[in-house]
Amino acid sequence: MSMNRVQFQPGLSMPDFIRQYGTEAQCEEALIQTRWPEGFRCPGCGHGGHCILHAKGRKTSQCNACHRQTSLIAGTLFQGTNLPLTTWLLAIYLVSQAKTGLSALALKRYLGVSYPSAWLIHHKLMQAMAEREDHYLLAGQIQLDDAYLGGERSGGKAGRGSENKVPFVAAVSVDGEGHPGRVKLTPVSGFTCEAIEMWSKSHLQAGCTVHSDGLACFSGVSAAGCQHIPLVVGGRKPKELPEFRWVNTMLGNVKTSLSGAYHAFAFSKYAHRYLAGIAYRFNRRFQLKTLPGRLLVAAVAIGPRPEAWLRLAEDSC
Numbered sequence: 395m396s397m398n399r400v401q402f403q404p405g406l407s408m409p410d411f412i413r414q415y416g417t418e419a420q421c422e423e424a425l426i427q428t429r430w431p432e433g434f435r436c437p438g439c440g441h442g443g444h445c446i447l448h449a450k451g452r453k454t455s456q457c458n459a460c461h462r463q464t465s466l467i468a469g470t471l472f473q474g475t476n477l478p479l480t481t482w483l484l485a486i487y488l489v490s491q492a493k494t495g496l497s498a499l500a501l502k503r504y505l506g507v508s509y510p511s512a513w514l515i516h517h518k519l520m521q522a523m524a525e526r527e528d529h530y531l532l533a534g535q536i537q538l539d540d541a542y543l544g545g546e547r548s549g550g551k552a553g554r555g556s557e558n559k560v561p562f563v564a565a566v567s568v569d570g571e572g573h574p575g576r577v578k579l580t581p582v583s584g585f586t587c588e589a590i591e592m593w594s595k596s597h598l599q600a601g602c603t604v605h606s607d608g609l610a611c612f613s614g615v616s617a618a619g620c621q622h623i624p625l626v627v628g629g630r631k632p633k634e635l636p637e638f639r640w641v642n643t644m645l646g647n648v649k650t651s652l653s654g655a656y657h658a659f660a661f662s663k664y665a666h667r668y669l670a671g672i673a674y675r676f677n678r679r680f681q682l683k684t685l686p687g688r689l690l691v692a693a694v695a696i697g698p699r700p701e702a703w704l705r706l707a708e709d710s711c
């Protein structure tokens, strides 16, 4: 039996991680190289000459031209944190290497921080993953399906009208040999033609071919410039059809991740980030060893995401 090359690929072992990022100085150097790979540039005037100041245990660069001071973590996801960078880098390592995800409670235990701190770290990193995923469009042959997150709450509405049920779209691109490429897992306002059209314009490349079941709303992909090939499954199970093999496999992975790592959360508030985290790891499944470094790049590029912003973003979803 051949080995699964995703499962058996060499990752970044814990000893290797500690050798690379085990001290605050090593983490600072990694952040410097990620933020300024070609050398420091003042965000104010663009000048490269600078001197290093040390204030409150953090490195600060002062521009020799305009004298503007720039903290190493200012303008990044880490801005405002009082935690050491070793804690942040360890969180990045743990979150990126966990195939089925990692809960804030588990992160609290691994990092030795309070639950509120672990929750904030977790949601900041998931937000970085989500914004990274928004940069990519699916192209070529696409398998598309509808799904719901969450269940009924005691005393709440039943069925699809439940307050804790979140409709989301699962889409997988497939190459010429039938292998899965990238995945998109995105909450939508509902399964209407208008909602699917809006989703398609944001997540699909015009000209791609979309295979779906006979749900009427999926015709909305045509308005986004995509060819739509609906298939009425009738009494057959979609997972038995090659047109839906990979999207149904992905939905099974989502169920495993959410029931295994997270058990339960407020689906109506947090769905976008949790789904994006699953998609982010799947789409980089062949880069397990370099994934911590890639997530560090995303954390530097995203900019500050304070707790108030994160909670406001949740409520607006």
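So the sequence shown is numbered by the numbering used here: it starts at 395 and just counts up by one.
We treat Cβ as the ideally placed atom computed from N, Cα and C, and that holds for glycine.
Contact defined as beta carbons within less than 8 Å: I believe residue i pairs with residue j. What is the distance between those atoms, to the nearest angstrom?
i, j, result
"GLN414", "LEU682", "In fact, because the Cβ distance is near 15 Å, the residues do not count as touching under 8 Å."
"THR494", "SER596", "The Cβ separation is near 27 Å, so there is no contact."
"VAL560", "GLY544", "6 Å"
"LEU579", "LEU519", "Not really, about 17 Å apart at Cβ, beyond 8 Å."
"LEU496", "VAL507", "Rounded, the Cβ-Cβ distance is 14 Å, inconsistent with contact."
Alpha carbon to alpha carbon, what distance is there between residue j and residue i?
i, j, result
"VAL694", "LEU447", "21 Å"
"PRO581", "ILE590", "11 Å"
"GLY443", "CYS457", "6 Å"
"GLY584", "PHE562", "8 Å"
"THR603", "LEU645", "20 Å"
"TRP703", "GLN521", "11 Å"
"GLN473", "PRO698", "6 Å"
"ALA541", "LEU625", "17 Å"
"LEU477", "ILE467", "11 Å"
"LEU689", "ALA600", "29 Å"
"PHE434", "LEU532", "35 Å"
"ALA610", "TRP593", "15 Å"
"ALA500", "GLU701", "20 Å"
"ALA673", "LYS453", "35 Å"
"GLY570", "CYS587", "29 Å"
"GLY575", "CYS445", "46 Å"
Could you check what DSSP says for residue i in three-state terms: helix, strand or coil?
i, result
"ASP569", "coil"
"GLY646", "helix"
"PRO478", "coil"
"PRO404", "coil"
"LEU496", "coil"
"TYR542", "strand"
"THR470", "coil"
"PRO561", "strand"
"GLN681", "coil"
In the DSSP output, which residue or residues are listed as bridge partners for residue i?
i, result
"PRO574", "VAL568"
"CYS457", "HIS444"
"GLN537", "VAL566, HIS605"
"THR464", "SER455"
For residue i, I'd like the list of residues in its chain whose CB is within less than 6 Å of its CB, leaving aside the five on either flank, ordered along the chain.
i, result
"ARG526", "ALA692"
"VAL641", "GLN537, ASP539, ALA564, VAL566"
"GLY438", "CYS460, ARG462"
"SER606", "LEU538, PHE612, PRO624"
"TYR509", "LYS502"
"VAL627", "ASP607"
Near residue i, what residues of its chain come up, given a Cβ to Cβ distance below 8 Å and the 5 sequence neighbours on each side ignored?
i, result
"ARG705", "none"
Could you check whether the Cβ of residue i sits closer than 6 Å to any heavy atom belonging to the ligand SAM?
i, result
"LEU477", "The model on display carries no ligand, and the ligand SAM is accordingly not part of it."
Within a Cβ cutoff of 7 Å, which residues of the same chain sit near residue i, ignoring the five residues on either side of it in sequence?
i, result
"GLY405", "GLN491, LEU682, LYS683"
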